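Take a look at the structure set out below.
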DNA sequence: CGTCCACAGGAATGACGGGCGG
DNA sequence: CCGCCCGTCATTCCTGTGGACG
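Numbering (this note's numbering), first residue to last: 1 to 405.
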C-alpha cells in the first residue's frame, strides 16, 4: 500500500489533470468543430436580445462532439446573459438517462426552479407547472434535449409536440429547443408538424477522421498529461482505434485515459502502445461486468442459459431452446419462470447491451425465430457470476435438454 | 407454388409500489 | 387517511411472416 500511495505522491506523475479526458469534460477548444460551434452560437444568440431563438436539430453519431458543443454554447450563453442581465436560461436534459416523459419535464422544470416530486403527479400537471413558471418568469429558455430519439422510440412524440407548440400559448417567455439525436432515421417517426417545428435549423456532425481525432487527443493531452509522459505512437493508436469504430472521439479519449491509468499503476513513466492495448481490454471488461452485475435476475438466467448452451456446443441457440433451458434453471432455483414472450424481449435487451447477438432468421419449414449467440467471452461471464448467489447455486448444473445432445 | 412452422413483436390489460392533493 | 394517477414490469392475446418442404 505504501508503494501505491508513494507512487501517486512522489516520483514522476503521468497525469497533470486526468479530468480533461473524462467523457463529461467540456473543453474550451473544439478542433475541427469551429463551424458547428459558430452555427449553434448564432442560432441561440437572439435569446440574449429578448427574441426567441430558432429550434435546432442536431444529428451525429456518438463521440462526434454534439453534446460537448451544445453544452459549451449553453454555458457561454448563460454566462453572457448573467453579465448583460438578460433573462435567458439554459437547460440540458439527457432523455435516455431521464427515461420517461415525466422525468424529462421535471428536468426542464428544475432549470426554472420548479421542483417536482420524482413521481406521483400527472405528466400534464408537470407540463402546466412548467408552462406557468415560464410565463411568470418571462424567461427565454433554451432547452437541449439530448438523445431525444430514445424518448421518441419509447414514448412517442407527444411530449415533443406539446413542447414545440408551447410558445403559441405563452404571452410572456419563450422556449426554444435543441434536439440532439444519434439516429437520423428517427425523423421518420416524428409527426411532420413536430419535425418541421423542431428542425427549423439543422446541423449534422460528421464522424471524425483519424487525423482529426489525433488533433483532439493532442489538444486534450496537453492539459491532461505531464510533458513527456505520452508517446506519440500511443496517441496514434488510440486515434486509429476510435476512427475504426466510426470516428468516435469519446472512445479515443476514454482509451487514452485508461491507458494512462494503466501506465500509472504499473509505475511506468510513459504511456505507450502496450498500455493502450491493455486499456482496450480493460474498458470492455469493465463495461461487461457492470451490466452483468446490475442485471435483473431473469435477465441473468437468460444470459446464463445462453452461456450453458454455448458451453454445450450449441453454436447459436434459437429462442425456443433457450427458453427451455431457462425454464429449467428457474425450476431448479425455485423461481417462477416468465413467459416466452417476455423472455423474447429480454433477449432483445441483452442484444442491445451487446452481451448477446440476436438476429431473426427464417428456417423455412421449421419456423421463424431468433438465433442467439453469446457476444462476450464466456470466461468472463463465468468469472463475474462466480460470486452471484443465484447463479452460484446452479454451479455445475447441466439442464436435461442440453445434456441429450 | 401454396402451406405451415415457430416464432416475432404490437396492443391491451393488470398488478404493484409510490406520491400526490385534499 | 383516502382515492387517484403515475411508471414499470409482466401477462395474455393477437396478427404477421420468410422460406424449406411437399
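Glycine residues also receive a C-beta, built at the ideal position from the N, C-alpha and C atoms. None of the values given here were measured: they were computed from a predicted structure.
DSSP three-state call for residue 204: helix, strand or coil? To locate residue 204, count along the first chain from 1; it is residue 204. Correct three-state label for residue 204: strand.
Would you list the one or two residues that DSSP bridges to residue 88? Along the first chain, read from residue 1 onward, the residue named residue 88 stands at position 88. Answer by DSSP bridge pairing, in chain order: 140.
Threshold first: 3 residues or longer. Then list the beta strand (DSSP E) segments lying entirely within the region 197-269, N to C. 201-205
For the pair the region 218-230 and the region 60-75, tell me if three or more CB-CB distances fall below 8 Å. no
With a CB to CB cut of under 6 Å and the five nearest residues on each side skipped, what residues in its chain are close to residue 405? The sequence position of residue 405 within the first chain is 405, counting from 1. With a pLDDT of only 49 at residue 405, under 50, the local geometry of the prediction cannot be trusted, and no value is derived from it.
8 Å CB neighbourhood of residue 278 in its chain, flanking five on each side removed: Within the first chain, the letter at position 278 stands for residue 278. Closer than 8 Å at the Cβ level, and outside the excluded window around residue 278, lie 259, 262.
Straight-line CA distance for residue 458 to residue 312? The displayed coordinates of the chain run from 1 to 405. Any statement about residue 458 would go beyond what the structure contains.
Using a 10 Å radius around the Cβ and a threshold of 16 neighbouring Cβ atoms, would you call residue 181 buried or exposed? As a position in the first chain, residue 181 is number 181, starting the count at 1. The residue in question, residue 181, is buried, as its Cβ has 16 or more Cβ neighbours within 10 Å.
Rounded Cβ spacing between residue 272 and residue 328 (contact assumed at less than 8 Å): Locating residue 272 in the first chain gives position 272, where the first residue counts as 1. Locating residue 328 in the first chain gives position 328, where the first residue counts as 1. Not quite, the Cβ-Cβ distance comes to about 49 Å (not below 8 Å), so this is no contact.
Residue 15 burial status per 10 Å Cβ neighbour count (16 or more: buried): Here the question's residue 15 lines up with position 15 in the first chain. That one is buried.
What number of angstroms, rounded off, separates the C-alpha of residue 305 from the C-alpha of residue 200? Taking the first residue of the first chain as 1, we reach residue 305 at position 305. Taking the first residue of the first chain as 1, we reach residue 200 at position 200. Whole-angstrom Cα-Cα distance: 49 Å.
Reduced DSSP secondary structure (H/G/I, E/B, other) of residue 171: Within the first chain, the letter at position 171 stands for residue 171. Three-state result, residue 171: coil.
Does residue 361 pass the burial test, meaning 16 or more other C-beta atoms within 10 Å, or should it be called exposed? Taking the first residue of the first chain as 1, we reach residue 361 at position 361. Classification of residue 361: exposed, given that the 10 Å Cβ count is below 16.
Looking at the secondary structure, which residues open and close the beta strand (DSSP E) in which residue 374 lies? Mapped onto the first chain, residue 374 falls at position 374. 368-374 is the span of the beta strand (DSSP E), which, as asked, contains residue 374.
Taking only three categories from DSSP, how would you classify residue 359? The count along the first chain starts at 1 and reaches residue 359 at position 359. Strand.
Along the chain, where does the beta strand (DSSP E) containing residue 60 start, and where does it finish? Counted from its first residue, the first chain places residue 60 at position 60. Residue 60 -> beta strand (DSSP E) spans 56-60.
Taking buried to mean at least 16 other C-beta atoms within 10 Å of its own C-beta, is residue 149 buried or exposed? As a working note, residue 149 is residue 149 in the first chain. Under this definition residue 149 is a buried residue.
Quick one: grab the DSSP three-state call for residue 176. The sequence position of residue 176 within the first chain is 176, counting from 1. In this structure, residue 176 counts as strand in the three-state DSSP scheme.
Other residues of its chain near residue 438: CB distance less than 8 Å, five sequence neighbours each side excluded: Outside the displayed range of the chain (1 to 405) lies residue 438, so it cannot be described from this structure.
List the whole-angstrom C-beta distance separating residue 114 from residue 129, where the pair is believed to meet the contact cut-off of C-beta under 8 Å. Taking the first chain and counting its residues from 1, the one referred to as residue 114 is at position 114. Taking the first chain and counting its residues from 1, the one referred to as residue 129 is at position 129. At roughly 5 Å, the Cβ-Cβ gap stays under 8 Å, so residue 114 and residue 129 are in contact.
Cβ shell of residue 385 (< 6 Å), same chain only, five flanking positions each side left out: Counting from one through the first chain, the residue named residue 385 turns up at place 385. Around residue 385: 391.
Within 10 Å of its beta-carbon, does residue 53 have 16 or more other beta-carbons around it, so buried, or fewer, so exposed? In the first chain, the residue the question calls residue 53 occupies position 53. With 16 or more Cβ atoms within 10 Å of its Cβ, residue 53 is classed as buried.
For a test of the three-state rule: what should DSSP assign to residue 272, helix, strand or coil? Taking the first residue of the first chain as 1, we reach residue 272 at position 272. Coil, per DSSP.
Terminal residues of the continuous alpha helix (DSSP H) containing residue 331? Within the first chain, numbered from 1, the residue matching residue 331 stands at position 331. Segment 319-333, the alpha helix (DSSP H) holding residue 331.
Going straight from the alpha carbon of residue 315 to that of residue 98, what length do you get? As a working mapping, residue 315 is identified with position 315 in the first chain. As a working mapping, residue 98 is identified with position 98 in the first chain. C-alpha separation (whole angstroms): 38 Å.
Determine whether the beta carbon atoms of residue 141 and residue 123 lie at a separation below 8 Å. If you number the first chain from 1, residue 141 lands on position 141. If you number the first chain from 1, residue 123 lands on position 123. In this structure, residue 123 does not lie closer than 8 Å to residue 141 by Cβ.
Specify, as a first and last residue, the run of the alpha helix (DSSP H) that residue 147 falls within. For the purposes of this step, residue 147 is taken as residue 147 along the first chain, with counting starting at 1. No alpha helix (DSSP H) contains residue 147, which DSSP labels as neither H nor E.
So for residue 72, helix, strand or coil by DSSP? On the first chain, residue 72 is found 72 positions in, with the first residue counted as 1. If DSSP states are grouped into helix, strand and coil, residue 72 belongs with the helices.
Nearest residue (CA-CA) to residue 240, options 191, 215, 91, 20: The residue you call residue 240 lines up with position 240 of the first chain. When each option's Cα is compared against that of residue 240, the closest is 215.
Residue 336: first and last residue of the uninterrupted alpha helix (DSSP H) it sits in: To locate residue 336, count along the first chain from 1; it is residue 336. No alpha helix (DSSP H) holds residue 336; DSSP gives it neither H nor E.
Excluding the five sequence neighbours on either side, which residues of its own chain have a C-beta within less than 8 Å of the C-beta of residue 61, listed in chain order? If you number the first chain from 1, residue 61 lands on position 61. Hits under 8 Å: 182, 205, 207, 246, 247, 248.
Report the rounded CA-to-CA distance for residue 138 versus residue 36, giving the unit in angstroms. By one-based count along the first chain, residue 138 stands at place 138. By one-based count along the first chain, residue 36 stands at place 36. Each residue's alpha carbon lies about 29 Å from the other.
Whose CA, out of 340, 191, 380, 333, lies closest to the CA of residue 322? Translated into positions along the first chain, residue 322 becomes position 322. Here the closest residue by C-alpha is 340.
In whole angstroms, what separates the C-alpha of residue 143 from that of residue 29? Within the first chain, residue 143 is the residue found at index 143, counting from 1. Within the first chain, residue 29 is the residue found at index 29, counting from 1. Going by the C-alpha atoms only, they are around 22 Å apart.
Which residues does DSSP pair with residue 15 in a beta bridge? Reading the first chain from its first residue, position 15 is the one you call residue 15. Bridge partners of residue 15: 225.
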